Structure formats: structure tokens, C-alpha cells
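These notes are about the structure you will find just below.
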Amino acid sequence: MFRLYDSATSEVRELRLRTPGRVGIYLCGPTVYGPPHLGHGRATLVYDILRRYLEWTGLEVRLVSNITDIDDKIIDRANRESRPWQEITHKCEDVWFRAMEKLNVQRPTDVPHATEYVDQMVDMIATLVASDRAYVTGDGVYLSVDDIDDYGLLAHQSLDDMLSGGGEREVFGAGNKRHPADFALWKFSKPGEPSWPSPWGDGRPGWHSECVVMSLELLGEGFDLHCGGMDLKFPHHENERAQAVALGKEFANHWMHNGFVVDAEGEKMSKSLGNVANLLDLMDLYDPRAYRMVLLQTHYRGPVRVGQDNIDAAVSALAGLDAFAARAASLGEAAPDPETMVSFRDRMDDDLDTPAATALLFDTVRRANAAIDAGGSEAASLAAAVHEICRAFGLVLKGAADVPADVAAKAAALDAARAAKDFATADALRAELQADGWIVETTKTGTAIRR
RNA sequence: GGCGAUGUGGCCGAGUGGCUGAGGCAAGGGCCUGCAAAGCCCUCUACCUGGGUUCGAUUCCCAGCAUCGCCUCCA
């Protein structure tokens, strides 16, 4: 039984599925107006790990993750750079998916774009206006939150409490709204801005509407799980839910939110603070698997600091796993050790406890290494368990690499020199290979070469 | 002001009312090795502060301190 913390109820509870064997997940995707930052990377990795694990347990996963390709920030950038806004969104989306590929994040099963669903959004807004849950002002159409009974469910705060403090910020469109917390479903466009027709005037959809329309359309009412970063909990997810409630529809059954990436001082690292080291840089500088490893060793709900020490430690840990994979390559096929796999599942089923599962992975590697050293018969099944866990994690180990003929020849020469006790030649050959970037392991059974 | 989170060993980072305490990285010692590497074994350093509950608290409760997040469009 898979248990997961539900942000709406603040407890770890079973993820109940609408249809046994199938799980429908909605994940709020990126707004494509700039390069992906570390926070994007964390969210996509966390949910990639979730998805892979659920699939690994035999569930059929439908993961819908949107692309927000119309938004004020996109328009701002287009204006600033005097470029067509579509050029920005297309470029950024392309960069996004290339980055995801590098991170070994599987493409969602569905990638709806906001601009593809404008008609449906207009229909939805019309329904809300017709039932007087939404109203038209001078600058757009707003949802009235006052009569949403449990508004604040996700924020865990009542509307009054939210408004009582922190009021220094400017309230968006305050003058026109019935209630300060009302939010825009539709924004009228200014001249020159991208726009779509609507019964109330040309404009564009507000941010929170697309996810309601697309999740309900693709996954249906009462879908299983809605995911995203902690920062989306309020107002974004709250406002999605408010619209569904106003429509009289069942929305997500379970809510999952991942923690932030913080900087060296423990502060949230986000676009708006402008202190990002972006995801592309990270992957240029380090093995892209290192980020996945750092996140696996941290619980998804906690904050994670991405720093030199962290990443270095992950790179070293991966080196150990790679060395194991290379060493275990010659072991025969075997079924994964059942006890290990049961333990793995127990840990993962407990609110996706990847730190515990990762600890198990390293323990299993150590046991398998010891078994290889001792010539134990359980080595193959332990190694198979290691590979099985890595597969569920989306972690690809570098096993025995393809070695070019000249390198293989040098390795053979090295072995010959060692056999002849010509250690000067052997050491020289090893130094040469290492200088070319090869990892050289000379063992009793011969020299192993890998990258 | 409201709501919430966090504070663990050299570093990162789990976890638990006691049976002395994941895992990763780093450090030291040993085994293996021609020497290394890889691997195995061993070792070192903990639980923000002050109260309380308890036979016993790092773990529960209260208070405080510190850091952080959200409180209208950032994953």
C-alpha cells in the first residue's frame, strides 16, 4: 500500500486510486520564459522518481504536465526584447525538454499547452459568470472567493487570517474587485498584446485556469494526485481548487508538494530572487546524475541545499556505484534478492522515503561487494537487486564501457607486463591510460578499463 | 500580525521514548595488492537553549532563541 503525505489533510495517508491499477497525476509544469532553474529540476526529478516508482510497482501511470505558454512574464520579455512571444515560448520549451532529457526525466504522458485550451477556458469562465461565481470588471473577469466554503484548505489558513497580516504587498487589481483575494480568470489585453476573443472582451486567460481545465479534461473529475512545488500550494493550487469547487466538480483527491531548493544561506532559491545558478549550468559542470542522487538522499518534503559539497559527495557516491556496476557485470543473471526488494518497497511506500531506500541501496552494494570478494553465491541476486533499485530510481549506472581496440590492447599489454613482473612497464602503461581519462583497475583476473 | 517548517557528529543528511545512535562524503588504522585503484573490516566526533511529563527524551509537552517559507500569480 502506497502511503503519501497529503498537503490538504496534513497527514500521511494511502493514495487511494479512482481506478485500481491506474493512477492519474497532474503536475504543474513550467512557464516557458527563461532557462530552467534548480527548483524546476528538483520538482521534475522528484516526480520523475515518483512516476518511475509507481510504474515499477506495476501501476499504469498517466502523468499530465502542462506548459504555460501564455503569461505576463512571457509578454514582458517579448516586449523587452522586441521579439514575437511565440519565439520565446518555443525556444524555452525546447531548452526545457533537452534539459529534462539530460536529467533522464521521462517525458510526461501528456504535455498540454495553455494556448491549446483557451476555448475550453472561455467556456469554463462563462459557466462561472453565468452562475454568478465570477464577475466582469474593467480589466478582466474575476472569481469570487468569498463564497467558496473551504477556501484556504491548502493554505491552512482562513481568508480572514490571510488578509489580516502581510498586507504591505500591493493587491493585484484591488480597486475593481469585490474581495481582495479574488483572482483573475481572464485578463483584458492591452493593444499589441497577444489576445483571444471572449464574450467579455479580447484577452488572455489567468494563470490558475489552465490547470483546472486541462486536468479535468485529460484526467477527469476526482483524479488521483495533484503535484507541484511548495510555492504553488498557495495561491496557485488553492485557486485551481476554488474554480473546481465553484464549478461543482470534484478536483484532486490527494495533494503532494515538494520542498524548496535553498542557497548556501538557506534561503529559497528562485527566479524572483535572482540568485539562481541555473539547471543548465549545473549539468554542464557536473554529472547530471549527481542532482538526482542528492535528491534521492534528501526527503522530498524537506529543503535541500545544492552546494559544492553536496554535489561532490554525490559524484563520489556515484563513482562507487559505477565501480560496482562494472565489477558486477560479469556475474550471471539472477532474480533480485527478494528480501531486499521487499525492504525497498516498504521504504518507498512510506511517503516515498528515498533516503531510506538509498541507504538500502548502498547497504546492498556493500553486501554484494563482500559476496563477490568471498565468492559467495548470493552476489548475483544482490547485484540484481541493486540494478532493480537503480532502475526504479531512474539512475543509470555506467557499467563496463565499450573500450576502443587500442585501449584494450594497452590493457592487454599491461597484464602481460604484470605477468612478466615488469612493473616499470606496467606502471607506465597504467599512467598512460589514466592520463587518457580511463579508470584502470588491475585485479587478479585481469585489468578492467572503464570511463 | 497570521499560518507553517527546520535546528543531529568534520560536512551533507535520515531516524527513533530506552535494547547507544541510517546512509553518503571526508579523515585515521587494518586486510587485499608488486605498488596503486577498486573492494572488505574497524575507528573518531551528535542530537539549539531552558523548563516539564516519564523509571528513562535527541525523540513527547511548554517556553525561548535562531534560520527559513507562505500570507495574490516563483518548482
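Plus 86 on top of the position in the first sequence (first one is 1) and you've got my numbering. Cβ atoms here follow ideal geometry from the backbone N, Cα and C, with glycine treated the same way. All of these numbers come straight from a predicted model, not from anything done at the bench.
The beta carbons of L311 and L131 sit no closer together than 8 Å. Setting aside the 5 residues that flank it on each side, I156 is surrounded in the same chain by A200, T201 and R290, each with a C-beta closer than 6 Å to its C-beta; the list follows chain order.
The continuous alpha helix (DSSP H) containing E296 extends over residues W293 to L305.
The Cβ neighbour count for K530, taken over all protein chains shown within 10 Å, is under 16; the residue is labelled exposed. Note on geometry: alpha-carbon atoms of L113 and I458 lie some 43 Å from one another.
Comparing C-alpha distances from D437 to each of K177, W341 and L302 shows the shortest one belongs to W341. Boundaries of the beta strand (DSSP E) harbouring W341: W341 to N344, taken from the DSSP string.
Assignment of W524 by DSSP, reduced to helix, strand and coil, places it in the coil class. Contact holds between the segment 484-495 and the segment 405-412, because three or more Cβ pairs, one in each stretch, are under 8 Å apart. Between the C-alpha atoms of D435 and H473 there is a straight-line separation of about 19 Å. When A469, I525 and D162 are compared, the shortest CA-CA separation from G278 is found for D162. Here the segment 298-311 does not lie against the segment 259-276, with fewer than 3 beta-carbon pairs under 8 Å apart. Under the 8 Å Cβ criterion, the segment 262-272 does not count as touching the segment 185-195, having fewer than three qualifying pairs.
Per DSSP, H473 lies in no beta strand (DSSP E); the unbroken alpha helix (DSSP H) holding it starts and ends at A465 to F479. According to the DSSP assignment, A534 belongs to the beta strand (DSSP E) that extends over G532 to R536. Residue range V204 to A216 is occupied by the alpha helix (DSSP H) that includes V208. The beta carbon of S96 lies closer than 6 Å to none in the same chain, with the five residues before and after it left out. Nearest to N262 by alpha-carbon distance, out of A491, G292, P321 and V227, is V227. Under the DSSP assignment, D501 falls in the alpha helix (DSSP H) whose first and last residues are A491 to A505. Rounded to the nearest angstrom, the Cβ distance from N364 to H123 is 5 Å, consistent with a contact under 8 Å.
Distances from the CA of I135 to each of V526, A498, F479 and P490 were compared; the closest alpha carbon is that of F479.
Between the beta-carbon of R327 and that of L240 there is about 7 Å, and that keeps the pair under the 8 Å contact cut.
When the five nearest sequence neighbours on each side are left out, the beta carbons in the same chain lying within less than 7 Å of the beta carbon of L417 are those of A465, A466 and A469, in order along the chain.
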